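Line by line, the protein sequences give chains A and B. Numbering of the first sequence is given in our numbering, commencing with residue 12 and proceeding in unit increments. Numbering of the second sequence is given in our numbering, commencing with residue 2 and proceeding in unit increments. These notes concern the structure reproduced below.
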Amino acid sequence: MQREEIWTEKYRPRKLEEVVGQDAIIKNLRSYVRRRNLPHLIFSGPAGVGKTAAAIAMAHELYGETWAENFTELNASDERGIEVVRNQIKNFARTMPIGNAAFKIIFLDEADALTDAAQSALRRTMERYSGTCRFILSCNYSSKIIEPIQSRCSVYRFKSLSYDAIASRIKYIAEIEGLKLTKDAVRAINYVSVGDMRRAVNALQSAAVVSREIKPEMIYEITATARPEEIEELITRALDGKFFEALDKLADLMDDKGISGDEILAQMHRLVINMDIPARKKVELMDRIGEADYRITEGANERIQLDALLASFCLSSDLL
Amino acid sequence: MILMTMQGNSKEWTEKYRPKRLRKVVGNEKAIEELKEWAENVYKTKSKKAAILHGPPGCGKTSAAYALASERGWEVIELNASDKRSAGMIKSIVGPASTSNTFSKTTRLIILDEADNLHGNEDRGGTKAITEIVKRSTQPIILIANDKHKMGPALQRNCKVIKFDRIGDKMVSQVLKKISRVEGIEVEDKALHALAENANGDLRSAINDLHAISISKFGKIDEGDIATGERDRETDIFEVMKKIFGVEGYEMQEALSSLYSLDKTPEESIQWIYRNFAYENDEESFLHGLHYLSRADTFLGRVKRRENYKFWRYASSLMVCGVLSAKEMQGRYGWQRQRYFRSPWQRNRWQAVGDKKSIPIREAIAKKIAEYCKVPLSYARLFVVPFLEFFFLDERKAVDITASLRLDVPQIAFLVSDTDEDREEKAKRIYQDAYAMPKTVIKGKKGVTGKEGVIKAEAKEEIIKTREEDEAKTQKTLVDFF
């Protein structure tokens, strides 16, 4: 039997133009490639929006065959002390590039996990080996990188992916894999992905194992996500004062569909902001959802907290 | 581990254009003179063998050290933070190098970069080892640091301390112009100015910016290219502030998404929103908005304490939607505002704040606080000065503080809230009140402040001698003020 490859790896972009949803950034990166030179870079942004993909695609375009020799990816969160910088990074940085490459690239994933001391050590290493080496630091927020390193780098902020970006890549993969994909299924994938391409591709691959014809219900089921309409119904019932009907809905989601309380709260929070209710009420509801989430995280019983939350929604019409 | 200066093949412009001669080092004429003088006298028996060069990033400290070495034909041994610098390590490398020159006649200059950054565990005993070596060395040593206060009084006493300042915008843009000529790239004058201004006295970052832009741009570089560069994050946040506070109605979702797309953590964002909120609300909506800001803040606290980042989403939506709904409550669609306030706690940013004249004043105040409270300058600058502005709302407190810190009129005026029309007048009044106060009265009232007159003299002589032993006794804290 043919071994199934993980799609997030299989479909990792080999070219910069394949990295979707970050047009302005990609344009700049491509001109670095054209000039065959680049400054040190900081890629900041949430997970799964193309930071690693862009770095690897750039390495492919710069080095061709020898990309693997001239590009290394280190995950700073595995080991975040100063020793990483003093040993691993320095050792890679001090050797010459292979082939006719002018410099090597070190991609430092989750660089914001490095301690401040490790970062200051890194700062000098960057300067010292700039003749043979370029650094690309990836992080969630560039402010978690110390100022002296920031001043040595060009900072690019990767944005959360839009529907169009997710849809175009998902359709592309589905076509190559010979999957049938309805428009609703694409929407479902987009919803469960929350702007994270890795999640979107994983959802698609998981669904493809079940059937070559991808339907929205499968996507929700596999990812243990409630359909947005169901969550909306849950909230509406509660706000209308129909407490027991809301409880029925909750039981359906949790007991029959096996969706966790954590997930339900996250989705409620996502949806409330777009519901057609007064602004003041929205904020108050979001606050209460957050509070319930916090209590559950602290060890409270999730069923009691969710019931109480719905009850407080029922009563909220009088309060506001 | 020991790295000799790398030359020739370095591609980064900041390395490529490092000056080889001291007179080519831009700015800081006085510091350069002091450095020269120190180097000339370094062979004399009673002279200080080590110098501390301190100042903000990118103002030429490392360059000056290397230029000095190459000018004098000194060999360089450099140890920086990327090398392990524990006590044993430093002694084994620098120790022999600093005391023995029997084998060769050449002088060896030891450069310890980022000397204020000796790290706790890994570099255990590092500071002490350096102090020892500095005392015994026969060879010159240069310590480079951003903040001299982090290096301990004992070490400072044994060194010649030389201060470097930020480099003026004009000089920065001249350097950029020269480099672009040599590199054969065309840059508009306006663009050069913008680069220089953005860099805010940090020549290295200015050169890096120019380099980065020249790589990504074909043809002539104009002002527009600078804005698309890396330091445009401020304009982004102002756009988001406009969405949250502005007159045009925005959907919550849109405002929230635009906040998410910023390169700012929720902790930074809340400072911006908080700073801009308080002003133009009526009582009820003010309370409403503040309530949700405080809730957002509570969630931020939970993130910190539990290291669980999922609560960030509640913090973000509460801070944005709380304010938006307060706006709605007022029955108005926001406020027409010319400018937005910056977050008071934002690191290092105040230096870039519009009114450039106020920068030296602010720095002077920070210095006085640092001296008075025995805290590092950077701490005083970032955390105490913003608070002082707040305390100056109360004129009686202002008078007390003025007396303690010996502030002058422009400094007081700076601290008096900028919305006051007659701040000059007010500042003068505070000044007079502060210095007309009879000493005994102050003493009775405050205890510490009465000693003020003596403190300066003390600080210069006795305290320095006995500082290490009874630092705790002489240390004044902010509690004295508030």
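Positions of the beta carbon are idealized from the N, C-alpha and C atoms, including for glycine. Being a predicted model, the structure only gives us computed values, none of them experimental.
Excluding the five sequence neighbours on either side, which residues of its own chain have a C-beta within less than 6 Å of the C-beta of residue i, listed in chain order?
i: A32(B); result: I163, F165
i: R382(B); result: A367
i: T63(A); result: none
i: C322(B); result: M253
i: L296(A); result: V283
i: R19(B); result: S64
i: Q33(A); result: G61, F169
i: L389(B); result: L416
Quick check: is the beta carbon of residue i nearer than 8 Å to any beta carbon in chain D?
i: Q157(B); result: No chain D appears in this structure, whose protein chains are A and B.
Would residue i be called buried (16 or more neighbouring beta carbons within 10 Å of its own) or exposed?
i: N111(A); result: exposed
i: L394(B); result: exposed
i: K265(B); result: buried
i: K170(A); result: buried
i: G451(B); result: Any reading at G451(B) is ruled out, since the residue's pLDDT is 43, under 50, leaving its predicted position unreliable.
i: R348(B); result: Only weak support is given to the placement of R348(B): the predicted model assigns it a pLDDT of 36, under 50, and the question is left unresolved by the model.
i: A311(A); result: exposed
i: D267(A); result: exposed
i: L27(A); result: buried
i: E20(A); result: exposed
i: P24(A); result: buried
i: P361(B); result: exposed
i: T143(A); result: buried
i: D287(A); result: exposed
i: F278(B); result: buried
With C-beta atoms as the reference, is residue i less than 8 Å away from residue j?
i: P377(B); j: H150(B); result: yes
i: E313(A); j: G272(A); result: yes
i: A129(A); j: V95(A); result: yes
i: I156(A); j: F54(A); result: no
i: E84(A); j: V44(A); result: no
i: L49(A); j: R135(A); result: no
i: L80(B); j: A40(B); result: no
i: L113(B); j: I142(B); result: yes
i: I208(B); j: T403(B); result: no
i: A70(A); j: V30(A); result: no
i: I134(B); j: R109(B); result: no
i: L264(A); j: A237(A); result: yes
i: I230(A); j: V203(A); result: yes
i: K50(B); j: S174(B); result: no
i: E72(B); j: R22(B); result: yes
i: K293(A); j: S327(A); result: no
i: A211(A); j: I246(A); result: no
i: Y167(A); j: L52(A); result: yes
For residue i and residue j, which I take to be in contact (beta-carbon distance under 8 Å), what is that distance rounded to the nearest angstrom?
i: A116(B); j: I131(B); result: 7 Å
i: N151(A); j: A178(A); result: N151(A) to A178(A), Cβ: 25 Å. No contact.
i: A257(A); j: P227(A); result: Their Cβ separation, rounded to whole angstroms, is 24 Å, which puts A257(A) and P227(A) out of contact at 8 Å.
i: H292(B); j: M330(B); result: At roughly 12 Å, the Cβ-Cβ gap does not stay under 8 Å, so H292(B) and M330(B) are not in contact.
i: F118(A); j: S149(A); result: 7 Å
i: V222(B); j: E184(B); result: Per the sequence shown, residue 222(B) should be read as Ile rather than Val. Not really, about 11 Å apart at Cβ, beyond 8 Å.
i: L294(B); j: I274(B); result: 7 Å
i: N81(A); j: I116(A); result: 7 Å
i: A303(A); j: L276(A); result: 6 Å
i: P58(B); j: S162(A); result: 6 Å
i: L260(B); j: S317(B); result: 6 Å
i: L193(B); j: I168(B); result: About 14 Å; that fails the 8 Å criterion.
i: A197(B); j: D170(B); result: 4 Å
i: W18(A); j: Q216(A); result: 4 Å
i: N159(B); j: K136(B); result: 6 Å
i: Y140(A); j: A196(A); result: Not a contact, Cβ separation roughly 48 Å.
Residues in the same chain with beta-carbon distance under 7 Å from residue i, minus the five sequence neighbours each way, listed in chain order, please.
i: A365(B); result: Q412
i: R296(B); result: L319
i: F312(B); result: F300, R303, V304
i: R41(A); result: L27
i: D237(B); result: L263
i: V241(B); result: S259, L260, L263
Leaving aside the five residues before and after residue i along the sequence, list all residues of the same chain whose C-beta is less than 8 Å from its C-beta, in chain order.
i: V1(B); result: Look at the range of chain B in this structure, 2 to 483, and you will see that residue 1(B) is not part of it.
i: R223(A); result: G189, L190, K191
i: V26(B); result: P20, I33, G61, S64, A65, A68
(message) If we require 4 or more residues per run, which alpha helix (DSSP H) segments fall completely within the segment 141-183 of chain A?
(response) The segment 141-183 of chain A contains these whole alpha helix (DSSP H) runs: 158-161.
(message) For a minimum of 4 consecutive residues, which ranges assigned as the alpha helix (DSSP H) are wholly contained in the segment 374-429 of chain B?
(response) Within the segment 374-429 of chain B, the complete alpha helix (DSSP H) runs of at least 4 residues are 386-392, 396-406, 410-416.
(request) For the segment 211-268 of chain A, list the alpha helix (DSSP H) runs that are entirely contained and at least 4 residues long, ordered along the chain. (result) Counting whole runs of 4 or more residues, the segment 211-268 of chain A contains the alpha helix (DSSP H) stretches 227-233, 239-250, 254-262.
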